[in-house]
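Each residue of the sequence shown is one higher than the one before, starting from 0 at the first, in numbering that gives the first Met the number 0.
A short write-up of the structure that comes next.
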Amino acid sequence: MRRSIIDIRDLSPSEIMELIGTSEDIIANPAKYAHKCEGKKLGTLFFEPSTRTRMSFEAAMYELGGHVITMAGAGSSSAAKGESVADTAKTVSCYTDIIAMRHPKEGAAFVAAKNASVPVINAGDGGHSHPTQTLADLLTIYREKGHFDNLTVGLCGDLKFGRTVHSLIEAMSRYTGVKFVLISPEELKVPGYVKKEVLQEKGIPYEQTTDLETVLPTLDILYMTRIQKERFFNEEDYLRLKDSYVLTPEKLVNAKEDLVIMHPLPRVNEISVKVDEDKRACYFKQVLNGKYMRMALILKLLKEAGTI
Ligand code: CP
Numbered sequence: 000m001r002r003s004i005i006d007i008r009d010l011s012p013s014e015i016m017e018l019i020g021t022s023e024d025i026i027a028n029p030a031k032y033a034h035k036c037e038g039k040k041l042g043t044l045f046f047e048p049s050t051r052t053r054m055s056f057e058a059a060m061y062e063l064g065g066h067v068i069t070m071a072g073a074g075s076s077s078a079a080k081g082e083s084v085a086d087t088a089k090t091v092s093c094y095t096d097i098i099a100m101r102h103p104k105e106g107a108a109f110v111a112a113k114n115a116s117v118p119v120i121n122a123g124d125g126g127h128s129h130p131t132q133t134l135a136d137l138l139t140i141y142r143e144k145g146h147f148d149n150l151t152v153g154l155c156g157d158l159k160f161g162r163t164v165h166s167l168i169e170a171m172s173r174y175t176g177v178k179f180v181l182i183s184p185e186e187l188k189v190p191g192y193v194k195k196e197v198l199q200e201k202g203i204p205y206e207q208t209t210d211l212e213t214v215l216p217t218l219d220i221l222y223m224t225r226i227q228k229e230r231f232f233n234e235e236d237y238l239r240l241k242d243s244y245v246l247t248p249e250k251l252v253n254a255k256e257d258l259v260i261m262h263p264l265p266r267v268n269e270i271s272v273k274v275d276e277d278k279r280a281c282y283f284k285q286v287l288n289g290k291y292m293r294m295a296l297i298l299k300l301l302k303e304a305g306t307i
C-alpha cells in the first residue's frame with residue numbers, strides 16, 4: 000500500500016515507537032542497513048531553503064544503499080515556468096521510488112501526495128507541519144528521558160508560524176500527563192486552531208506567558224525556536240520581535256539539572272553559543288537523530304509500498 004506522511008498524526012504512537020526501535024537498531028548496527036534500499040531512488044524537491052532536512056534525507060538514502068535525485072530549488076525547475084505542484088509530483092514519480100518535499104505553501108505536500116504514484120514525505124509546508132522534524136525531536140526526547148509521559152514541555156519563540164512547534168504539540172499531546180508552557184510575544188502566540196483542536200479538545204493543561212525566566216525552573220523540556228523573518232509581512236514587526244528571547248548560561252542557573260534544551264535549528268541568536276557547552280544542550284543531537292529517523296521512515300514506507 001502506498002502511503003504518504005503529511006502530518007505527524009499520520010503515524011500512530013505505536014508506529015512512532017516502531018520507528019524509534021528501528022532508529023536505535025540502525026545506530027547500533029549500521030552495516031545491517033547499508034544495502035536495504037539498493038537500486039531505489041529518493042527524489043528531494045525543496046521549494047524553500049533547507050540545510051538539515053534536505054541533507055539528512057539525502058544522507059539517509061545513501062546510508063541505506065540507495066540513490067538521490069534532487070531538485071535544488073524552485074528557480075531551477077519547471078515550477079519557475081508555472082508548473083503546478085500536482086504535475087511536478089506526477090512527473091517526479093516517474094523517476095523515483097519515494098519523494099521528500101518542502102514547500103512554502105501550507106497544503107502543498109497534501110496536493111503532491113494526492114497526485115504522486117510513490118510515497119510523499121512532507122519535509123515542511125509553510126507554517127503548517129514538519130513531521131520528520133517531530134520524529135527527530137521525539138527520538139531525542141526518548142533517548143534523553145527514556146519516556147514521553149509526565150513531562151512539562153516549554154515551547155519558546157515563534158509559536159504562531161513555527162511548524163515544528165505545531166507538529167510537536169500534536170505529537171506530545173498523545174502521551175499521558177504532559178503539560179505545555181507556551182512562551183511567546185503576544186503577536187506570536189500558538190494559533191487558535193491548535194489550542195482549540197488539540198489542547199482544549201483533549202483537555203491538555205497549558206499556560207501561556209511572555210516570560211521565559213519565570214517558568215524555566217519548572218520545565219523538563221525547553222524547545223527554543225527562531226523568530227522567522229521569512230514569515231513576516233513587514234520588516235518593522237520582525238525587527239521589533241526578533242530578539243524577544245535569548246537563552247544564556249546565566250538564565251539557566253535555576254533550570255532543572257536534567258532539563259533537555261532543544262531547537263530545530265537554524266538558530267539566529269535565540270540561544271547563545273555559550274549554551275552549547277552545557278550538557279543539557281541537545282540541539283546538535285537532534286540534527287543527527289533526524290538522519291536516523293528519516294532512514295527508519297524511508298524503510299517503513301518503501302516496505303509498505305512493496306518497493307523493497
Ligand atoms: N530544522 C530544519 O527544518 O532545518 P532546515 O531548514 O535546515 O532543513
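We treat Cβ as the ideally placed atom computed from N, Cα and C, and that holds for glycine.
Item                                                                                                                                                                  : Value
Would you kindly check if the distance between the Cβ of V117 and the Cβ of D96 is under 7 Å?                                                                         : yes
At a cut-off of 6 Å, would you count A251 as near the ligand CP, judging by its Cβ distance to the nearest heavy atom?                                                : For the sequence presented, residue 251 should be read as Leu rather than Ala. No; taking the cut-off as 6 Å, the Cβ of L251 has no heavy atom of the ligand CP nearer than that.
Any residue with its Cβ nearer than 7 Å to a heavy atom of the ligand CP should be included. What is that list in chain order?                                        : P48, S49, T50, R51, T52, R53, G123, H129, Q132, T163, P263, L264 and P265
For E62 and T43, what's the separation of their Cα atoms in angstroms?                                                                                                : 16 Å
Given that a residue counts as buried once 16 or more other Cβ atoms are within 10 Å of its Cβ, and exposed if not, what is L2?                                       : Here residue 2 turns out to be Arg, not Leu, going by the sequence shown. Exposed, since its Cβ has fewer than 16 Cβ neighbours within 10 Å.
For a test of the three-state rule: what should DSSP assign to I75, helix, strand or coil?                                                                            : Before going further, note that residue 75 is Ser rather than Ile in the sequence given. Helix, per DSSP.
Enumerated in chain order, which unbroken segments of the beta strand (DSSP E) with a length of 3 residues or greater are wholly contained in the segment 262 to 290? : none
Report yes if the CB atom of A30 is closer than 7 Å to the CB atom of G64, and no otherwise.                                                                          : no
Could you give the distance in angstroms between the alpha-carbon of L238 and the alpha-carbon of G38?                                                                : 48 Å
So, using beta-carbon positions, are A88 and I120 closer together than 7 Å?                                                                                           : no
Helix or strand or just coil, what does DSSP make of R239?                                                                                                            : helix
Which class does T306 belong to by DSSP, given the choice of helix, strand or coil?                                                                                   : coil
In the DSSP assignment, what residue or residues form a beta bridge with A99?                                                                                         : T43 and I120
Nearest to M286 by CA position, among Q207, I140, A73 and T208, is which residue?                                                                                     : What sits at residue 286 in the sequence shown is Val, not Met. Closest by alpha carbon: I140.
Rounded to the nearest angstrom, what separates T163 and K201 at their Cα positions?                                                                                  : 20 Å
Just to confirm before moving on: does the CB-CB distance between I270 and M223 stay below 7 Å?                                                                       : yes
Taking the beta carbon of N253 as the centre, do at least 16 other beta carbons fall within 10 Å, making it buried, or is it exposed?                                 : exposed
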